[in-house]
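Notes for the one structure printed next.
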């Protein structure tokens, strides 16, 4: 049996691990709907602009593990809730297990530098919207993807969906 992984919440760390950054972003209430900031050229974690895109993430959907070799990601979730799980790999050894839950309740931007493996889970309750502002344009040769079921196992993935504002990993 594989050892139980201790996932550390990024939000509770005084000093984030090298290559990961969780930055609070502003929500500005306005008549008719709020404005959600994502990133500025002066923001910590901004390394350039290559492309921006949105992804729809269904509740309960788990993406396969993936890491970028050159691209830096800047991720925000203005609608819904998504848990991001991050880890390092050196040969067969996995280490540095961290997670962050993004959504409007604790609106922040997650910066992920190259070489971190990442997966994410839609926490719902319906579809979530994820925006990535990347410093490089998409290049299919630039990322390494692991097949389904390969990578660190997340114990009790269904526990991620235990209730609004509560995450158990």
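Residue numbers (the working numbering): 167 to 335. Even for Gly, the Cβ is constructed at its ideal location relative to N, Cα and C.
Pick from the options that is closest to residue i, judged by C-alpha positions
{"i": "residue 244", "options": "315, 295, 301", "result": "295"}
{"i": "residue 273", "options": "200, 180, 183", "result": "200"}
{"i": "residue 281", "options": "271, 194, 269, 260", "result": "260"}
{"i": "residue 251", "options": "228, 234, 258", "result": "228"}
{"i": "residue 255", "options": "179, 219, 316", "result": "316"}
{"i": "residue 306", "options": "257, 234, 268", "result": "234"}
{"i": "residue 302", "options": "258, 268, 219", "result": "219"}
Integer-rounded CB distance, given that residue j should sit under 8 Å from residue i
{"i": "residue 318", "j": "residue 205", "result": "Wrong, their Cβ atoms sit about 28 Å apart, outside the cutoff."}
{"i": "residue 289", "j": "residue 247", "result": "4 Å"}
{"i": "residue 253", "j": "residue 177", "result": "Actually they do not touch by this definition, with Cβ atoms about 17 Å apart."}
{"i": "residue 270", "j": "residue 193", "result": "7 Å"}
{"i": "residue 279", "j": "residue 214", "result": "Residue 279 to residue 214, Cβ: 13 Å. No contact."}
Neighbourhood of residue i by C-beta, 8 Å cutoff - its chain only, sequence neighbours within 5 removed
{"i": "residue 211", "result": "187, 189, 205, 238, 240, 275, 277"}
{"i": "residue 232", "result": "283, 284, 285, 309, 310, 311, 312"}
{"i": "residue 208", "result": "none"}
Whether residue i touches residue j by CB criterion (8 Å)
{"i": "residue 297", "j": "residue 242", "result": "yes"}
{"i": "residue 174", "j": "residue 263", "result": "yes"}
{"i": "residue 304", "j": "residue 217", "result": "yes"}
{"i": "residue 249", "j": "residue 293", "result": "no"}
{"i": "residue 300", "j": "residue 230", "result": "no"}
Neighbourhood of residue i by C-beta distance below 6 Å, restricted to the same chain and skipping five residues each side
{"i": "residue 332", "result": "With a pLDDT of 41 at residue 332, under the threshold of 50, the predicted position of this residue should be treated as unreliable, though the coordinate-derived value follows. Nothing listed; no residue qualifies."}
Per DSSP, the bridge partner or partners of residue i
{"i": "residue 344", "result": "Look at the range of the chain in this structure, 167 to 335, and you will see that residue 344 is not part of it."}
{"i": "residue 310", "result": "233"}
Close beta carbons around residue i, own chain, < 7 Å, minus the five adjacent residues each side
{"i": "residue 222", "result": "293, 295"}
{"i": "residue 182", "result": "176, 188"}
{"i": "residue 330", "result": "Because residue 330 carries a pLDDT of 40, less than 50, the predicted location of this residue cannot be relied on, and the following value inherits that uncertainty. No residues qualify anywhere along the chain."}
Cβ of residue i within 8 Å of any chain E Cβ
{"i": "residue 233", "result": "As a matter of chain content, chain E is missing from the structure shown, which is built from one protein chain."}
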